[in-house]
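Asks:
Number of protein chains: 2
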Amino acid sequence: MNTTQETSTVTFLPANKSITVKNRSTLMEAARTAGVHINASCGGAGVCGKCRVIIEQGMVTGGESEKLSATEYVRGYRQACTAEISHDITVRVPEESGRQKGGLSTDIPLRHHARMHVFNIDELKEAGIFYPPVEKLCLELLKPDANDNRADVGRLIQGLADQHNKHRLVTGLPVMRKIRAALREKNFLVTVTLEQPVNNKSKSHLLNIQPGRWDHRNFGLAIDIGTTTIHGVLIDLYSGKILAKDSCYNPQMSYGEDVISRIIYAEKPKGLAMMQDLVVEAINTLIGNMLNKAVPPENSGHGAISRDEINSITIAGNTTMTHLLLQLEPDNIRRSPYVPVSTFFPPLRAADLGIELPQHCVSLLFPAISSYVGGDIVAGVMGSGMYRTELLTLFIDVGTNAEIVIGNREWLACAACSAGPAFEGGGITHGMRAVEGAISDFSLNPETLEPMNVTEGNKAPIGICGSGLLIIVATLFEHGVLNQSGKFNDLDSSRIRKGRSGMEYVLAWEDECAAGHDIVLNEVDIDNFIRAKAAIFAGVSTLMEQVGLEVGDLEQVILAGGFGSFIDLDSAMTVGLLPEIDPDTILYVGNGSLMGAWMSELSNHIRQDVVSVVRKMTSFELSEVPSFKDQYVASIFLPHTDLSLFPGAMQRRAARTPPSIPR
Amino acid sequence: MNTTQETSTVTFLPANKSITVKNRSTLMEAARTAGVHINASCGGAGVCGKCRVIIEQGMVTGGESEKLSATEYVRGYRQACTAEISHDITVRVPEESGRQKGGLSTDIPLRHHARMHVFNIDELKEAGIFYPPVEKLCLELLKPDANDNRADVGRLIQGLADQHNKHRLVTGLPVMRKIRAALREKNFLVTVTLEQPVNNKSKSHLLNIQPGRWDHRNFGLAIDIGTTTIHGVLIDLYSGKILAKDSCYNPQMSYGEDVISRIIYAEKPKGLAMMQDLVVEAINTLIGNMLNKAVPPENSGHGAISRDEINSITIAGNTTMTHLLLQLEPDNIRRSPYVPVSTFFPPLRAADLGIELPQHCVSLLFPAISSYVGGDIVAGVMGSGMYRTELLTLFIDVGTNAEIVIGNREWLACAACSAGPAFEGGGITHGMRAVEGAISDFSLNPETLEPMNVTEGNKAPIGICGSGLLIIVATLFEHGVLNQSGKFNDLDSSRIRKGRSGMEYVLAWEDECAAGHDIVLNEVDIDNFIRAKAAIFAGVSTLMEQVGLEVGDLEQVILAGGFGSFIDLDSAMTVGLLPEIDPDTILYVGNGSLMGAWMSELSNHIRQDVVSVVRKMTSFELSEVPSFKDQYVASIFLPHTDLSLFPGAMQRRAARTPPSIPR
């Protein structure tokens, strides 16, 4: 049997579409990728029995079902959702499983995901920007004698100037106390740890001294403190390689899911200290886990990595998370006019916050812009290189709130939109996070209006996650099931019915899913979705307008945040979430906050530049910009009241809506 | 009766010398000041009965004695040492009490003490150099609203720029945590404490914030950590005035009197930490005492000064004291080639050392030059203004060791001389510190060789202190009692006899003094004294030679150290301790270390300049300079082998030596 690394080619009939997929993919996955619709309500759980296909050539593993008779089995019928590919095969999709009544198979759109930002340490090195914030240097000093009795510290500093061209050094008391013994332990051969200067004017700090040669051992950490999840990366600052990654829930979650409830808790007596303790404890555990996981770099000698060898840490988080970490009172972040204590954070030592790292470990906390555009966004702007590009760029991080930054190397403007939690599955009747059983992809048989649900983990559906919601709304709109206001057209289908919250589309029947009830999407859900996407699009439009430009001027889009990884770009443009732009100019950076923190461990230029970037960034309070409301009202349609902004969306709708359905 | 503030005129006959003195001075003191010799072995204790004088006009208080008969008393006889002046009087010194056998009264030299460095805060202000290292500024900020929701910290920093022209500010986490509440407590009226930048390139630290107006309350400390004594001054940084002064013994004394024994103790397990604890505890007590003593400045409101209001501290001490305070291993200071851990000390917070001052209190520790030219000397050079003068200056601090600095604003060179403890009364048979009962001044009846001993506190003599030793040796040499080698000439006097350590001069007989034995000065003592002064003079000569100059080129002398306050300049030149120079160019600065620390609290220029001064200063190890030994050998004579260097000394000797004594 082939291994999972190998691939097979699947040909779907009657569409005659071939695709090469990894072995052990299901036929359903292959069909989705090939753009072939197969009815599938149960999301791959093998329950609904609707996804029957016929293996005409070759063989598959599995795909049997009680819903198939022995005769059918012998004739090659299998369930596409449970049949695994292991050889080249030819598969026919029978009419009842997907083909249109007219006999033609239904084409479903291929998904366009954003280009992933791929990080390459070698390119960084070639470009000369691999420049970690801390370096280790080995040097051998002349021993003192009667003609040269300079002090130990002076001798070391002169040695660094002579042998490594290091100047303007500052030595703190803790390291000063170690110098005398360190020099003499290995006969005046020592390794020093130096903090790079933040700019030409600033001094370099001498952080540590070790007797002997240790210059290959230099480690750093990048931490993203999300409201929900804390992510960490352990980095070899000598090679630039990742040694370990880990994440955990933010334990503050027990005291409130969102930043507002955290702030309310922090306002209670001792609440702030407790919030800090929780996040610090989680960070300490995370660091411990990464150190346990990490394989020490080759040729570095001396075995496992200890906390004492971590010389640098970069932390990014939103403004509230940062305030809680530093024990700064976040009270006014939630009260108009939304004044944080600070947006710049002082140079500090992680150890002073209770983080179990050596006292000398240098720490950067990404600065924020305002109460609702935080260090996580600044980290994304820095780490994605947006601040260095000439292209007019839209950076957008979609979560409960959406943060928007537009600009380029010359100027930057930003705003936060209260999008609401729709993109994370919140405020949607059967919404959920993108975990197992969440419907995350979808297509529609335009004649029968039967769905093809694709779920996370190929499990029976439980609900709808954000990316699924986007695709469902876009698909229903493209096929004329929804009108521009997001209301259902009057169509004759058992899938469309009147429910408690207006009309609704039934994605999965109770007996096909694991929800314990029918899974539906109703007009209130769709309205919530439209308001969320409208807030974001209106934010982008308003920001562009404020700087005298139009949405059409954008040359690049950078997507960040968990939602962005699965986002179907065509769907996003169909519903008017993203402006219409060449999908090739859209870049996905994943967790922008973590990426920015991590990049700042690899390149001190980011630390050097971040202050001026933050100074350069103009923050807009959208609620204070009069035209924002107009922009918002114009955006609460599919895709927008101004259809000229979305020619592609309207073309797709025209092409896919059957003549039987009113456009 | 007149108060002590008033004065009276005393006329001495037959010399017919008049002098105006403070009331309650003794007749003996008046005579000494007027340059009239009166025999007095017992130093003013009223025991020896030799100082009989006759009141010819007016009256005195006291001066009675069992040694005076009733008849004598009625005729106006009194003991000069116990008779207090309260009115204008005329006094006759009878032949047996002081006059020469020929009937002429004996002139004794007037004392020339160095000009005291008088500190004048008003002059400092007029010269524009009153510029404490920390300032307090009051400002009222705009309240946030929807159109201006800058962060609290940004608002404050912008306010300081707009209202006080303060830029490049850095805010630490502890003060950042106070800003939100402080702004709102008094409706956005606040007082901030700012550290002045050390130079144009460096940033200003925002140290503290208080709600409301507190800019009149700003206090600083200057501390000198001496090997024996710790001195402190509490300063009002708003007015520049001294609020309290105090001193205490350095409690490390219990573990060794000198720096070497302290280092040896510090090398023991936990010894270094204990040495630090002791000095920190003493400093804490000293600060507490000064705060208790201090009267809060007028118009500053708000009552007593608390530790939390001390915003700045400057500490000076020798290299070993500084190492012990910082817990830097002093081990190599006592071992050739005498390498300290450091001569520069990092910017630090006194609180981190355990000193009970607020965390924000900025601290300067004066840098050192070498193991034996410490921060105390640097403080003296800075505080005395030597580093700014155009005059070629000799700075000399005499203690157990003597530290010598020569130079001016252009260049500086320094060295330490092991003078030995002679100037502090050590190594001298009947030597003692300058406390009550120490013979500190002296004159000689050239015919009878009877002494006039003046003691500290007018108490019966116990021994000889450093300044007394200098004057005794100089006087004996000037009068031909000692030859150039410091040996006694063969003279017929009961005061000169053979003792255990060669010939000796009896200063006081057992029954006239409180020592329990005769107080003598012998040839070994004199030899020790000559070696000590020779080491210093050879050090000065060698340093001058190293920079291509001669001793005669010196234009100014600055004396520091306890010894310097009482030093008779003529005597110092007679014995060859100081080069011959116009006494008007000699300045006494007292405790140079304390003065430097204190000046640095008043003028941040000193902090700004000290780094370049230390860099500019060339340190010489005298033991490594071949010609030092020659200079030393040439100096172990009175005043020197090269008599052309001391024409004044030789003139005085010629004038005062009676013809009966071999010159």
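Protein sequences appear in the order of chains A and B. Under my numbering, the first residue of the first sequence carries the number 1, and numbering increases by one thereafter. Under my numbering, the first residue of the second sequence carries the number 1, and numbering increases by one thereafter. Each residue gets a CB set at the ideal place from its N, CA and C atoms; glycine is no exception. These figures come from a predicted structure and were not determined experimentally.
(1) Between residue 154 (chain A) and chain B, is the shortest Cβ-Cβ distance under 8 Å, so that the two count as touching?
(2) Below 9 Å on C-beta distance, what does residue 147 (chain A) contact in chain B?
(3) Residue 124 (chain B) lies in the alpha helix (DSSP H); which residues open and close that run?
(4) Pull up the CB-CB distance for residue 667 (chain A) and residue 648 (chain A), whole angstroms please, since I reckon it's below 8 Å.
(5) Check whether chain E comes within 8 Å of residue 342 (chain A), counting only Cβ atoms and requiring the distance to be less than that.
(6) Using Cβ-Cβ distances below 8 Å, what residues of the segment 166 to 185 of chain B are close to chain A?
(7) With a threshold of 16 other CB atoms inside 10 Å of the CB of residue 148 (chain A), please say whether the residue is buried or exposed.
(8) Assign residue 651 (chain B) to buried or exposed, taking buried as 16 or more other Cβ atoms, counted over all protein chains shown, within 10 Å of its Cβ.
(9) Is there contact between the segment 586 to 602 of chain A and the segment 491 to 505 of chain A, where contact requires at least three CB pairs shorter than 8 Å?
(10) For the segment 321 to 335 of chain A, which residues have a CB atom closer than 8 Å to at least one CB atom of chain B, in sequence order?
(11) With three or more beta-carbon pairs closer than 8 Å as the criterion, would you say the segment 33 to 52 of chain B touches the segment 448 to 464 of chain B?
(12) Could you name the residues of chain B that residue 201 (chain A) contacts, counting a contact when the two beta carbons are closer than 7 Å?
(13) State yes or no: is the beta carbon of residue 367 (chain A) nearer than 8 Å to at least one beta carbon in chain B?
(14) List the whole-angstrom C-beta distance separating residue 363 (chain B) from residue 287 (chain B), where the pair is believed to meet the contact cut-off of C-beta under 8 Å.
(15) Residues in its own chain within less than 6 Å of residue 101 (chain A) by CB, not counting five upstream and five downstream?
(16) Can you give me, in chain order, the residues of the segment 126 to 145 of chain B that have a beta carbon less than 8 Å from any beta carbon in chain A?
(17) Considering only their Cβ atoms, is the gap separating residue 134 (chain A) from residue 85 (chain A) smaller than 8 Å?
(18) In the DSSP assignment, find the alpha helix (DSSP H) that holds residue 178 (chain B) and state where it starts and stops.
(19) In whole angstroms, give me the CA-to-CA distance for residue 79 (chain A) and residue 30 (chain A).
(20) DSSP three-state call for residue 669 (chain B): helix, strand or coil?
(21) Along chain B, which residues have their Cβ under 7 Å away from the Cβ of residue 348 (chain A)?
(22) Quick one: what does DSSP say residue 102 (chain B) is sitting in, helix, strand or coil?
(23) For residue 668 (chain A), return the contacting residues in chain B, with the cut-off set at a CB-CB distance below 9 Å.
(24) Three-state secondary structure (DSSP) at residue 263 (chain B)?
(25) Which term fits residue 360 (chain B), buried or exposed, when burial requires 16 or more other beta carbons within 10 angstroms of its beta carbon?
(26) Could you tell me which of B:34, B:533, B:430 and B:522 sits nearest to residue 495 (chain B), measuring between CA atoms?
(27) Could you tell me which residues DSSP pairs with residue 522 (chain A) in its beta bridges?
(28) Looking at chain B, is there any beta carbon in it that lies within less than 8 Å of the beta carbon of residue 266 (chain A)?
(29) Taking Cβ to Cβ, would you say residue 414 (chain A) is nearer than 8 Å to residue 434 (chain A)?
(30) Between which two residues does the alpha helix (DSSP H) holding residue 276 (chain B) run?
(31) Tell me the start and end of each unbroken alpha helix (DSSP H) in the segment 388 to 412 of chain A that is at least 4 residues and wholly inside, in chain order.
(32) What's the call for residue 73 (chain B), buried or exposed, on a 16-neighbour Cβ count within 10 Å?
(33) Could you give the distance in angstroms between the alpha-carbon of residue 110 (chain B) and the alpha-carbon of residue 455 (chain B)?
(34) Any idea what DSSP makes of residue 112 (chain B), helix, strand or coil?
(35) Cutting at 6 Å between CB atoms, please list the residues of its own chain near residue 479 (chain B), excluding the five before and the five after it.
(36) Is there at least one Cβ from chain B nearer than 8 Å to residue 104 (chain A)'s Cβ?
Replies: This is what the structure gives:
(1) Taking the first residue of the first sequence as position 1, residue 154 (chain A) is located at position 154. Answer yes: the Cβ-Cβ gap between residue 154 (chain A) and chain B drops below 8 Å somewhere.
(2) Here residue 147 (chain A) refers to the residue found at position 147 when the first sequence is read from its first residue. Under the 9 Å cutoff, chain B gives 337, 621 and 624.
(3) Taking the second sequence and counting its residues from 1, one reaches residue 124 (chain B) at position 124. Where residue 124 (chain B) is concerned, the enclosing alpha helix (DSSP H) stretches over 121 to 126.
(4) The displayed coordinates of chain A run from 1 to 663. Any statement about residue 667 (chain A) would go beyond what the structure contains.
(5) No chain E is present in this structure, whose protein chains are A and B.
(6) Within the segment 166 to 185 of chain B, the qualifying residues are 170, 171, 172, 173, 176, 177, 179, 180 and 181.
(7) For this step, residue 148 (chain A) is matched to residue 148 along the first sequence. It counts as exposed.
(8) Here residue 651 (chain B) is taken as the residue at index 651 of the second sequence, counted from 1. Residue 651 (chain B) comes out exposed.
(9) These segments do not touch.
(10) 326, 327, 328, 329, 331 and 332
(11) yes
(12) Indexing the first sequence from 1 puts residue 201 (chain A) at position 201. In chain order: 201.
(13) Sequence index remark: in the first sequence, residue 367 (chain A) carries index 367 (1-based). Taking Cβ atoms only, chain B never reaches closer than 8 Å to residue 367 (chain A), which makes this a no.
(14) Within the second sequence, the letter at position 363 stands for residue 363 (chain B). Within the second sequence, the letter at position 287 stands for residue 287 (chain B). Incorrect: roughly 13 Å between the Cβ atoms, too far for contact.
(15) Counted from its first residue, the first sequence places residue 101 (chain A) at position 101. For residue 101 (chain A), the predicted structure reports a pLDDT of 48, less than 50, and the residue's modelled location is therefore unreliable. The matter cannot be settled from this model.
(16) 144 and 145
(17) By one-based count along the first sequence, residue 85 (chain A) stands at place 85. By one-based count along the first sequence, residue 134 (chain A) stands at place 134. In this structure, residue 85 (chain A) lies away from residue 134 (chain A), with their beta-carbon atoms at least 8 Å apart.
(18) Counting from one through the second sequence, the residue named residue 178 (chain B) turns up at place 178. 173 to 185 is the span of the alpha helix (DSSP H), which, as asked, contains residue 178 (chain B).
(19) Taking the first sequence and counting its residues from 1, one reaches residue 79 (chain A) at position 79. Taking the first sequence and counting its residues from 1, one reaches residue 30 (chain A) at position 30. Rounded to whole angstroms, residue 79 (chain A) to residue 30 (chain A) spans 13 Å at the Cα level.
(20) Outside the displayed range of chain B (1 to 663) lies residue 669 (chain B), so it cannot be described from this structure.
(21) Position 348 of the first sequence, counting from 1, holds the residue named residue 348 (chain A). Simply 173.
(22) Along the second sequence, one-based indexing puts residue 102 (chain B) at 102. Only weak support is given to the placement of residue 102 (chain B): the predicted model assigns it a pLDDT of 46, under 50, and the value that follows is read from those uncertain coordinates. Residue 102 (chain B) sits in coil when the DSSP states are folded into three classes, being neither helix nor strand.
(23) The first residue shown for chain A is 1 and the last is 663, placing residue 668 (chain A) beyond what the model contains.
(24) In the second sequence, counting from the first residue as 1, residue 263 (chain B) sits at position 263. Helix.
(25) Working through the second sequence from its first residue, we reach residue 360 (chain B) at position 360. Within 10 angstroms of the beta-carbon of residue 360 (chain B) lie 16 or more other beta-carbons, which makes it buried.
(26) Stepping through the second sequence from its first residue, residue 495 (chain B) is reached at position 495. Comparing Cα positions, the closest option is B:522.
(27) In the first sequence, residue 522 (chain A) corresponds to position 522, counting from 1. In the DSSP output, where bridge partners are listed per residue, residue 522 (chain A) has A:504.
(28) Locating residue 266 (chain A) in the first sequence gives position 266, where the first residue counts as 1. No, its Cβ sits nowhere closer than 8 Å to a Cβ of chain B.
(29) Within the first sequence, the letter at position 414 stands for residue 414 (chain A). Within the first sequence, the letter at position 434 stands for residue 434 (chain A). Not a contact, by the Cβ cut-off of 8 Å.
(30) Position 276 of the second sequence, counted from the start, is the residue given in the question as residue 276 (chain B). Element bounds for residue 276 (chain B): 271 to 293.
(31) none
(32) Here residue 73 (chain B) corresponds to residue number 73 of the second sequence, with the count starting at 1. Residue 73 (chain B) should be labelled exposed.
(33) Taking the second sequence and counting its residues from 1, the one referred to as residue 110 (chain B) is at position 110. Taking the second sequence and counting its residues from 1, the one referred to as residue 455 (chain B) is at position 455. Their Cα atoms are separated by approximately 17 Å.
(34) Here residue 112 (chain B) is taken as the residue at index 112 of the second sequence, counted from 1. The answer is coil: DSSP assigns residue 112 (chain B) none of H, G, I, E or B.
(35) Counting from one through the second sequence, the residue named residue 479 (chain B) turns up at place 479. Cβ within range, chain order: 444, 446, 656 and 657.
(36) By one-based count along the first sequence, residue 104 (chain A) stands at place 104. Bear in mind that the predicted position of residue 104 (chain A) carries a pLDDT of just 46, short of 50, making it unreliable; the figure below should be weighed with that in mind. Contacts with chain B at 8 Å (Cβ-Cβ) do not include residue 104 (chain A).
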